[in-house]
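Undergrad: In this note's numbering, the protein residues as written are 796 to 1027.
In this text, a Cβ means the ideal position worked out from N, Cα and C, and glycines have one as well.
Just so you know, these numbers come straight off a predicted model, no measurement behind them.
1) From the DSSP output, in three-state form, read off residue 812 for me.
2) To which residues does DSSP link residue 978 through a beta bridge?
3) Please list the segments of the alpha helix (DSSP H) lying wholly inside the segment 919-965, counting only runs of 4 or more residues, in order along the chain.
4) Tell me, please, which residues DSSP counts as bridged to residue 858.
5) Would you mind reading off the limits of the alpha helix (DSSP H) that contains residue 868?
6) Could you check what DSSP says for residue 883 in three-state terms: helix, strand or coil?
7) Among residues of its own chain, excluding the 5 on either side of residue 924, which ones have a beta-carbon nearer than 6 Å to its beta-carbon?
8) Provide the residue(s) that pair with residue 908 in DSSP beta bridges, ordered along the chain.
9) I'd like to know whether the C-beta of residue 966 is nearer than 7 Å to at least one C-beta of chain B.
10) Between the Cα of residue 892 and the Cα atoms of 936, 865, 901, 910, which residue gives the shortest distance?
11) Take residue 806 as the anchor and find which of 984, 880, 988 has the nearest alpha-carbon.
12) Taking the alpha carbon of residue 928 as the point to measure from, which residue in 949, 938, 945, 939 has its own alpha carbon closest?
13) Between the Cα of residue 883 and the Cα atoms of 815, 922, 979, which residue gives the shortest distance?
14) Starting from the Cα of residue 979, find the closest Cα among 959, 850, 885, 853 and give me that residue.
15) Mapping DSSP to helix, strand and coil, what is residue 917?
16) Nearest to residue 910 by alpha carbon, out of 860, 921, 870?
17) Compute the distance between the beta-carbons of residue 870 and residue 886, then report whether it is under 7 Å.
18) Report the rounded CA-to-CA distance for residue 880 versus residue 855, giving the unit in angstroms.
19) So, for residue 963: in the same chain, excluding its five sequence neighbours on each side, which residues have a beta-carbon less than 8 Å away from its beta-carbon?
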């Protein structure tokens, strides 16, 4: 058995109650600068989170934000996961095109919660604002005034705004007053590490198992008729 290591960071609401946790890859198994490395890192996080630890032990009753790359989205990896327990976090490095938009729209229509990470108001991302749920704004990426402008530009959309990398109480209060509903950053908590022994289940086997577990149960017409007769 080999060791696994993942990070977990709180996401809080306006009353500073825990809303969710972001699950972060930690380790040296994959080079995150490489396309395949980042995609495989997400799959490993999913395997470790759901099979090695268990969502309830890792995040309790809250949702888990999981980062997804371009390849993960094209491979429809989120469809293997329980839509009521995860948030599909679309990384800022995702190359948004018609296929990506179509796949994310499908996830939204199926009931998955979508978050756009480190959001910048660029033309290619505009179609996603029609069905995204959460926008993550990196408050360290620009000045606070520039952040306020972005918040104002997003106001017409029906979105939840998450301010990330919040480092002071003053920042929190200001961003809350400007309309942000969720918050993440070192002011609240640094990512804490969760480690353990990996059982050695392959990523492919993990995703196949998760796909089976999360597949909706189908009822045959004969069974449905029998059920209706019984209830009658």
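TA: Taking the coordinates as given:
1) Looking at residue 812 - three-state DSSP - the assignment turns out to be coil, as it is neither helix nor strand.
2) DSSP output for residue 978 lists 807, 958 as bridge partner(s).
3) Every unbroken stretch of the alpha helix (DSSP H) spanning 4 or more residues and falling wholly within the segment 919-965 is given here in chain order: 939-949.
4) 815, per the DSSP bridge assignment.
5) Residues 865-869.
6) In the structure shown, residue 883 sits in a strand (DSSP, three-state: E or B).
7) Contacts found: 952.
8) Paired residue(s): 882.
9) Annotation note: the requested chain B is absent from the structure, which comprises a single protein chain.
10) Looking only at 936, 865, 901, 910, the smallest Cα-Cα distance to residue 892 is reached by 865.
11) Of 984, 880, 988, the residue nearest in Cα terms is 984.
12) Residue 928 has its Cα closest to that of 949, out of 949, 938, 945, 939.
13) The option with the nearest alpha carbon to residue 883 is 815.
14) Sorting 959, 850, 885, 853 by C-alpha distance to the C-alpha of residue 979 places 959 at the top.
15) DSSP places residue 917 in coil when its eight states are reduced to three.
16) Comparing Cα-Cα distances from residue 910 to each of 860, 921, 870, the minimum goes to 860.
17) The criterion of a C-beta distance shorter than 7 Å is not satisfied by residue 870 and residue 886.
18) C-alpha separation (whole angstroms): 10 Å.
19) Result list for residue 963: 982, in chain order.
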